[in-house]
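For the sequence shown, the numbering used here gives the first residue as 235, with consecutive numbering after it. Reading through the structure tokens given below for one structure.
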Amino acid sequence: MMKVLVLGGGAAGMSSSSRVRKLRPNAEIVVYEETNMVSHAPCGVPYYVEGLFNNEELFMTYTPEFFREKRKIDVRTGYSVEEIDLNSRVVKVRKNAEKKSEEYDYLIIALGAKPKKVRQSGSRIFYAHHPAQAKSLRDDLWALNKIAIIGGGILGVEMAEALHAVGKKVTLIQRSSYVLNKMLDSDMAHVVTDVMSKEIDLRLNERVESIEEEGKVIVTDKGKLEVDGVVVTIGVEPNISLLKDQLKIGKTGAIWVDETMKTNKENVYAAGDNTETRNIVTGKPTWMPFAPVANKMGFVAGSNIGGKRMEFPGTVGTMITKYDRLFIGKVGLNESEAKEAGLKPYSSMIKSKTRARYYPEPKDIYVKLIADEDTSTIIGGQIIGEEEVLGRLDMLAAIVMKRFTIEESFFVEMGYLPAIATVWDPVIIAIRELMKA
235 MMKVLVLGGG AAGMSSSSRV RKLRPNAEIV VYEETNMVSH APCGVPYYVE GLFNNEELFM
295 TYTPEFFREK RKIDVRTGYS VEEIDLNSRV VKVRKNAEKK SEEYDYLIIA LGAKPKKVRQ
355 SGSRIFYAHH PAQAKSLRDD LWALNKIAII GGGILGVEMA EALHAVGKKV TLIQRSSYVL
415 NKMLDSDMAH VVTDVMSKEI DLRLNERVES IEEEGKVIVT DKGKLEVDGV VVTIGVEPNI
475 SLLKDQLKIG KTGAIWVDET MKTNKENVYA AGDNTETRNI VTGKPTWMPF APVANKMGFV
535 AGSNIGGKRM EFPGTVGTMI TKYDRLFIGK VGLNESEAKE AGLKPYSSMI KSKTRARYYP
595 EPKDIYVKLI ADEDTSTIIG GQIIGEEEVL GRLDMLAAIV MKRFTIEESF FVEMGYLPAI
655 ATVWDPVIIA IRELMKA
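Here it is as structure tokens:
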């Protein structure tokens, strides 16, 4: 009987194990997960902190019991991985005082990512990452009043929204000149900055030098700030500390895999936030720690282990977040990324409405598209608006992925309903602006 060992019960781990079970009904499948949650949703942590829901089980798409009973997958929670010996095909795990050694025929490494941390530690320094710690994080933060957030990426922006919504005095410190700087170009980011600055103390172009007094004093290059606590959101990194000397690590710092999600070790696969992939636009290695990517990586890994060949094509980097009434999306490359990749980008940026002029309460929507001069293809886009952002972003994802030319993109037949669109859709208007004549 084939034995498949899966390390990590998140999106990639449970997607891969479920796929193996579908294709190999008689396989032995064992999943080790460090927390008590599987198939969990870290993206929900800010919304839990905001108090939008209270049932922690809602973080899980399916429970461990579901996988054990319905899919016959041996899910073992509460186990931490202590050692991985790829040559001997043995993994050592621990649960409290209990230790186990587990052999395997196939191994799927889906250990995810871990938050980047500051040098200092303290009782008032917090990290928002795993749903298993969401309750303690919320309890701690709700007991405070004045809270600083370090880092203006997606998680920082979402935590700022959540804490402001529950009445906290929020200061966000960002060392660049605008928030979401790895996602948006500056001309689009000002839309977000204008809204955020009306509700929170937004400190841009400011660098944190140290955190003192257990997290109650922040020292920056512009002075000191006294707070009740600090939430650090400076990014995440692949969780690969047990594997660095045994597997090929890619240029991004995540595990290298081929198109089937196989590593450079026989019968060892990797998927999810610890795994590198390919940027479809540039063809270069990239690391995209987002749940939709992780789920599909896991599906591909499980398919190949199960005997059905499948290739993961890479990613176009579709991402979306929100702040207050604004939905903020990006796909493909922004202008700075395109230049770094050696392309010749040019762009269009338009402001339009989300509804027909006669339909009540139209909302503003901003669309920026980036095209490549040499190929006349659309290589990226950013959309910000109060409604109907995601559908337009998803359409752009397909356009970028399939390398539509500008003219082909112009003729994509979009639906029209006055309540949710204009007859000339904002995306089509922006595409029209890219045309040379």
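The beta carbon of each residue, even a glycine, is placed where N, CA and C say it ideally should be.
Query	Result
Could you spell out the range, first to last residue, of the alpha helix (DSSP H) harbouring G247?	245 to 257
Taking the beta carbon of W658 as the centre, do at least 16 other beta carbons fall within 10 Å, making it buried, or is it exposed?	exposed
State the Cα-Cα distance for the pair M248 and K482, rounded to the nearest angstrom.	24 Å
L345 and G469 - do their beta-carbons sit closer together than 8 Å?	no
Quick check on the DSSP output: the alpha helix (DSSP H) that includes G625 runs from which residue to which?	624 to 635
Tell me where the alpha helix (DSSP H) around V391 begins and ends.	388 to 399
Which of the three DSSP states, helix, strand or coil, is assigned to A362?	coil
Is P579 helix, strand or coil when you go by DSSP?	strand
Around the Cβ of T549, are there at least 16 other Cβ atoms within 10 angstroms (buried) or fewer (exposed)?	buried
Quick check on the burial criterion: 16 or more other C-beta atoms within 10 angstroms. Buried or exposed for S357?	exposed
Give the DSSP-derived three-state secondary structure of F561 in the structure shown.	strand
Tell me whether the beta-carbon of V425 lies closer than 8 Å to the beta-carbon of Y600.	yes
Please confirm whether G278 and I381 have their CB atoms less than 8 Å apart.	no
Beta-carbon separation of D507 and A528 under 8 Å?	yes
Please report the distance separating the alpha-carbon of I219 from that of I654.	Residue 219 is absent from the structure shown; the chain starts at 235 and stops at 671.
Exposed or buried, which one is R372 when buried takes at least 16 other CB atoms within 10 Å?	buried
Starting from L371 and walking both ways along the alpha helix (DSSP H), at which residues does that stretch end?	368 to 376
Report yes if the CB atom of G339 is closer than 8 Å to the CB atom of K237, and no otherwise.	For the record, residue 339 in the displayed sequence is Asp; it is not Gly. Cβ atoms of D339 and K237: closer than 8 Å.
Just to confirm the assignment, what range does the alpha helix (DSSP H) spanning D421 have?	420 to 430
DSSP puts P229 in a beta bridge; with which residues?	What the structure shows of the chain is the stretch from 235 to 671, and residue 229 is not part of that stretch, so it cannot be assessed.
Straight-line CA distance for L560 to R323?	49 Å
Nearest by alpha-carbon distance to T509: which of F524, N501, P259, T516 is it?	F524
In this structure, how does DSSP classify P519 when only helix, strand and coil are distinguished?	strand
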